[in-house]
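These notes concern the structure reproduced below.
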Amino acid sequence: MKTKLIVLVAFFLSIATFSQKKWTLKECVDEALKKNISIQQNRLSLELAKKDVDIAKGNFLPNLGSNLGNSMSFGLTTGADNTNSSAERYVLSLGLNGGGIIFNGFRNTNTYKQAQLGVQSGLLDLQKIENDISLLVVNGYLNILFAKENLNVANVQYQISKTQIEAAESRFNSGVIPKGDLLNTQSTAATNLQSVIAQENAVDLALLNLAQLLQVNVTLFDISPLDVGTPSSDLFYKSSTSVYDRSLQTMPEIARAKLAIDNADFNIELSKGAFLPTLSYSFGASSFYNTVLGQPDFISTVINGQLFERDNRFPNQLFKNNLNYQVALSLNIPIFNRFQTKNRVAQSVINKEIFEIRLESEKLALKQTIEQSFLDVKTALKTYEAATISLDAQNEAFKNAQERYNFGAMTQFDFDQVRTRLVSAQGALIRSKYDYVFKTKVLQFYSGDLVIE
């Protein structure tokens, strides 16, 4: 019982600790990169590419193998003394052989270099996905901050409405205003409460989206406040060209397209290698043991009338009498193969041209994206500046309207209209601010200046 109590206390303490945790932007990005399934798959693909390098490296080493054979024969057979007899014989054979390539038109070398390019390409693919996930997290994080600011505005308006209800009830009881004005005030407060509920739902939805991206429990999930600053009229970059020039050095998709061209060069060299001769070597050693079952392993020989017996038992046969070695060189010279090699070389050259065009296509797409992003930033800044001017004007109009309303010089309906325009202006300013911030982050991302802290 005591143990269960300790476990429960520890559990609730851990929940309390977690509930107090607020995720920073960097923690969110790190968590998403750690748990994202696509990233995990690409990391495994990268490991496969590394194994391709090991396999290609192994092509420079010789092959080595061994064989072991056992056989039994019955009836007329040839013995170790090369005589035929009817007997039961047992034969054990052993062999060790190997071989390798001395020269094959540099195909092993080019295959190894090509495999190394595969690792670099895998790293760039992984970087591309990590960049995409990071931008999604930044956008999700800013969406939560945006929703929370809207919620704060809605709460302020609701508090104002509740205060006005109290004032309206007092004025109604004093006979200053009719009951219709009191009801309008109460209706406005109810509408503002609905707006609060809607904004709370927007915050919950934004938190849910980011929590699902991080694959964490949304129940206790929340983020730390982040000062996004106030948009400045001075843009981070003077032109889209400067961003594009820097992006050519930082964007993984451009580097990946360049590696594809290098890979095509190796394919050309590999195809040309088939024109060159192949020089290979082989070596081996073999032996066997041959015996008639039930008879001693001696070979009898009569020389000049004298009988000589040679010891032909297992060790002598296997490691002395029947042991032999082989060494060989083989040169294979291609002469004519129905123009197959020539056409494969031509195919490889065409493939390289395709990848060169693909690189230009990637550059063009990147340039267009950056130009559009730069224009989006300029537009977002102008929208923010206009929203700021509008909000300042609406604030002054609201102050004036509030004074007139308090003195009874403005009806409840007209006052609500002014306040609605103020709320709309506040929402427009918040939207334009976060829109500008995110689009600026996108430009920083393309230029390689985006630092997530």
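So that you can map any letter, position 397 of the sequence shown is 381 in my numbering, and since no number is skipped, the others follow by simple counting.
Using N, Cα and C, we set each Cβ at its ideal position, and we do this for glycine too.
Mapping the DSSP letters down to three states, classify residue i as helix, strand or coil.
i      : result
Thr8   : coil
Phe267 : strand
Gly83  : strand
Ser255 : helix
Ala195 : helix
Phe320 : coil
Leu32  : helix
Gln279 : coil
Arg73  : strand
Tyr221 : coil
Ser314 : strand
Glu53  : With the sequence shown as reference, residue 53 is identified as Gly, and Glu is not the correct amino acid for it. Reduced to three states, the DSSP call for Gly53 is strand.
Asn306 : coil
Leu434 : coil
Phe429 : helix
So who's on the other strand from residue i, going by DSSP bridges?
i      : result
Ser22  : Paired residue(s): none; Ser22 is not in a bridge.
Ser208 : Ser208 pairs with nothing; no bridge assigned.
Tyr273 : Leu76
Asn47  : Gly83
Thr424 : Answer is none; Thr424 lacks a bridge partner.
Thr262 : Asn316
How many Å lie between residue i and residue j at the Cα?
i      : j      : result
Asn274 : Asn296 : 9 Å
Asn47  : Asn316 : 19 Å
Gly124 : Thr363 : 22 Å
Val435 : Gly102 : 28 Å
Ala241 : Gly49  : 42 Å
Asn306 : Tyr74  : 15 Å
Val140 : Asn193 : 26 Å
Lys163 : Asn157 : 9 Å
Asn136 : Arg342 : 49 Å
Thr225 : Ala244 : 25 Å
Leu60  : Gly53  : 21 Å
Gln378 : Val402 : 8 Å
Pro261 : Ser255 : 13 Å
Gln410 : Lys366 : 16 Å
Leu437 : Gln98  : Reading the sequence as shown, one finds Glu at residue 437 and not Leu. Each residue's alpha carbon lies about 37 Å from the other.
Phe358 : Leu427 : 7 Å
Glu344 : Pro318 : 38 Å
Phe422 : Asn43  : 51 Å
Asn88  : Arg328 : 17 Å
Gln310 : Ser271 : 12 Å
Ala312 : Gly79  : 16 Å
Gly84  : Ile354 : 53 Å
Asp188 : Phe429 : 28 Å
Ile113 : Phe399 : 52 Å
Ile149 : Asp360 : 43 Å
Asn384 : Asp165 : 19 Å
Can you tell me whether residue i is buried or exposed? The criterion is at least 16 other CB atoms within 10 Å of its CB, across all chains shown.
i      : result
Tyr221 : buried
Met235 : buried
Asp419 : buried
Asn308 : exposed
Leu28  : exposed
Asn251 : buried
Phe382 : buried
Ala182 : exposed
Ser439 : In this structure the chain extends from -15 to 437, so residue 439 is not present and cannot be described.
Gln86  : Looking at the sequence provided, one finds Ile at residue 86 rather than Gln. So Ile86 counts as exposed.
Phe320 : exposed
Val160 : exposed
At the 8 Å Cβ level, is residue i part of the contact set with chain B, yes or no?
i      : result
Asn127 : In the structure shown, chain B cannot be found, because there is only a single protein chain.
- prompt: Below 8 Å, can you find three or more Cβ-Cβ pairs linking the region 167 to 179 to the region 140 to 148?
  reply: yes
- request: Report yes or no: do three or more beta-carbon pairs, one from the region 319 to 332 and one from the region 209 to 218, lie closer than 8 Å?
  value: The region 319 to 332, when compared against the region 209 to 218, does not touch it at the 8 Å Cβ threshold.
query: Do three or more CB pairs link the region 409 to 416 to the region 365 to 376 at distances below 8 Å?
result: A contact exists between the region 409 to 416 and the region 365 to 376.
field: Segment contact, 8 Å Cβ cut-off, at least three pairs: the region 243 to 260 with the region 90 to 105
entry: yes
message: For the structure I just gave you, are there three or more beta carbon pairs, one from the region 402 to 410 and one from the region 103 to 119, closer than 8 Å?
response: no
- prompt: Three or more beta-carbon pairs under 8 Å between the region 117 to 131 and the region 14 to 28, yes or no?
  reply: The region 117 to 131 vs the region 14 to 28: in contact.
task: Would you be able to state if there are at least three C-beta pairs under 8 Å between the region 184 to 202 and the region 7 to 20?
output: yes
message: Measuring CB atoms only, is the region 393 to 403 touching the region 184 to 191, in the sense that at least three cross pairs come out at less than 8 Å?
response: no
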